[in-house]
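Throughout the sequence shown, residue numbering follows my numbering, covering 440 to 667 in sequence.
Below: one structure, written as structure tokens.
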Amino acid sequence: MNQYGTQLREQWELIDPERASAMGEDYFVKQGEVAQAQIEDLTLQLAGPDLPDETYLEKVGRINNARTRAAEMVMADLPRPVDQSEWEHRFEIWQSGHPIRRLVDGFHRSMDEIEDRPVETPEDEQEQKTDAANLLAEIRADLASENVPAELIETLVAPTSVPVQSSPGETIGLWMLSPASTAAIADLLRPQWEALAIETREAAWDAPTDGADYYQATQRVASGLPRF
């Protein structure tokens with residue numbers, strides 16, 4: 440393993456030793472070889488052609504300076520280790536854009552819109568009930584097609600019981616994602632996230648944002664990562 444692979448491995452072992460061990464020696468050997476080839480190419484570009492009347496020592500200094508800058512640039516682009524809190528943040532961004540989470544969030548928004556309609560006649564009430572029933576059937580079918588377990592589907596589409604402040608002991612059902620449902624979705628998707636190769640996650644996250652703001656950048660990351 441060359442110095443670049445060793446340096447990268449040491450960084451991973453310092454911050455995330457378990458993942459570094461799981462990635463294996465070959466991974467760091469390969470990354471080191473890729474880095475060295477890129478550094479050599481970039482060094483030539485940064486150093487440029489020989490200068491007129493340049494002494495030997497001046498040439499050595501110019502090339503060494505170019506190699507140092509090239510190494511910094513190339514090493515900065517290699518998959519970097521991040522701490523656990525950062526991985527959790529990245530997971531939350533990823534799962535917020537996952538089709539399952541988007542299906543559930545869209546269902547709750549649509550159900551809210553149905554229940555917020557003004558009901559002035561028996562026909563309005565019947566139409567509201569029919570639309571709600573159709574929406575429930577549709578979301579159940581959509582989640583089943585995403586291989587969501589049946590018992591979890593019922594949890595995700597059930598209204599959340601919220602206490603009525605003006606009537607102690609009384610609750611009403613609101614179509615909103617409860618903390619328990621949010622946790623259930625995370626538990627369902629986490630194995631998919633962890634199954635993605637580390638370089639895949641890093642490459643998608645570190646892709647250029649083209650000046651996008653934070654919201655746009657996180658949506659790009661969520662939509663750009665592979666789905667299962």
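Just so you know, even glycine gets a beta-carbon here, dropped at the ideal spot from N, CA and C.
Status (buried if at least 16 other CB within 10 Å, exposed otherwise) for Ile611: exposed
Range of the contiguous beta strand (DSSP E) that encloses Gly612: Thr610 to Leu613
Residue ranges of each alpha helix (DSSP H) within the stretch 543-607, 4 or longer: 561-584 and 589-596
Alpha-carbon to alpha-carbon, Ala622 and Thr594: 11 Å
His528, buried or exposed, once every other Cβ within 10 Å from all chains shown has been counted against 16: exposed
Separation of Trp533 from Leu542, as counted between CA atoms: 14 Å
Asn441, DSSP secondary structure in three states: coil
Reduced DSSP secondary structure (H/G/I, E/B, other) of Pro456: helix
CB-CB length for Leu447 against Gly471, believed under 8 Å: 7 Å
Gln475 and Asn441 closer than 7 Å at C-beta: yes
For Val468, the three-state DSSP class (helix, strand or coil): helix
Distance CB(Glu641)-CB(Pro518) smaller than 7 Å: yes
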